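Sequential numbering of the sequence shown, starting at 3, is according to my numbering.
Glycine is no exception: its CB is placed at the ideal position from the N, C-alpha and C atoms.
Since the model is a prediction, treat every value here as computed from it, not as a measurement.
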Amino acid sequence: MKVSKSIVKDDFPSILETFKVALETVFFNEKALIKLILNKKHSLNLISLFILVLSLPVKGIDGKINYHIGNIIEAILLTLFFILFLYLLSPNKKLPIGAFFRIFLAFEVIDILALITIALPANYLKYFYACHIAWYLSLSVFAFSKINRINYVLSTFFVIITFFVVNLLPAVL
Numbered sequence: 003m004k005v006s007k008s009i010v011k012d013d014f015p016s017i018l019e020t021f022k023v024a025l026e027t028v029f030f031n032e033k034a035l036i037k038l039i040l041n042k043k044h045s046l047n048l049i050s051l052f053i054l055v056l057s058l059p060v061k062g063i064d065g066k067i068n069y070h071i072g073n074i075i076e077a078i079l080l081t082l083f084f085i086l087f088l089y090l091l092s093p094n095k096k097l098p099i100g101a102f103f104r105i106f107l108a109f110e111v112i113d114i115l116a117l118i119t120i121a122l123p124a125n126y127l128k129y130f131y132a133c134h135i136a137w138y139l140s141l142s143v144f145a146f147s148k149i150n151r152i153n154y155v156l157s158t159f160f161v162i163i164t165f166f167v168v169n170l171l172p173a174v175l
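Next comes the structure, spelled out in structure tokens:
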């Protein structure tokens, strides 16, 4: 695959440029995936965006705003375990783990939509979170299949197994 020189710049991208690329990946853009894989300089901006998005107050499924540092740390650890375990299951290890992390950290930008939960009534929250998780998992399937050059069915299997293992991990521990 040929990549033009305009995709990779030598200077550091601003946080808004990184946010734009992350939004493009959220809408299943392959060119944005390639930008994230090739440009290591997005890494710090993606980590900053990840922490910023996690620090936003949102309602839980119970309808209450549970905003404390424990939830943020738990979300960070679960996300990192999800990405790491998915990388370990990856049949194609030619992609460096840093690029893998950049791709999946860019998907965390969809958590900015969780601000909508403040305005939603409590009975709609379960539907919102179901759609939110489905969108995130479909992004993961898309990226995992493109990275490993495997079909969507096998990629879905890997992503769902990883999702269940990572979400059951805190219950076991």
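The straight-line gap separating the alpha-carbon atoms of residue 154 and residue 94 is approximately 15 Å.
Residue 73 counts as exposed, since fewer than 16 other beta carbons sit within 10 angstroms of its beta carbon. Remark: fewer than three beta-carbon pairs, one from each stretch, lie closer than 8 Å, so the region 154-169 and the region 48-60 are not flagged as touching.
The way I'd put it, the region 20-28 doesn't touch the region 75-90; fewer than three beta-carbon pairs between them come closer than 8 Å. Note on the region 79-135: whole alpha helix (DSSP H) runs with a minimum of 4 residues are 99-108, in chain order. Residue 43 carries a helical assignment under DSSP once its states are collapsed to helix, strand and coil. In this structure, DSSP gives residue 63 a state outside helix and strand, which the three-state scheme calls coil. Leaving aside the five residues that flank residue 28 on each side, the residues in its chain whose CB is nearer than 7 Å to its CB run, in chain order, 109, 111, 112, 141. Under the 10 Å beta carbon count, residue 174 is surrounded by fewer than 16 other beta carbons and is classified as exposed. Here the alpha carbons of residue 156 and residue 32 stand approximately 19 Å from one another.
Each of 158, 78, 105, 61 was checked against the Cα of residue 115, and the nearest Cα belongs to 61. Here residue 47 is buried, its C-beta having at least 16 other C-beta atoms within 10 Å. Around the Cβ of residue 51, a 10 Å sphere holds 16 or more other Cβ atoms; the residue is buried.
Minimum Cα-Cα distance from residue 63 among the listed residues 132, 78, 43 corresponds to 132. Approximately 5 Å separates the beta-carbon atoms of residue 104 and residue 38; this is inside 8 Å, confirming the contact.
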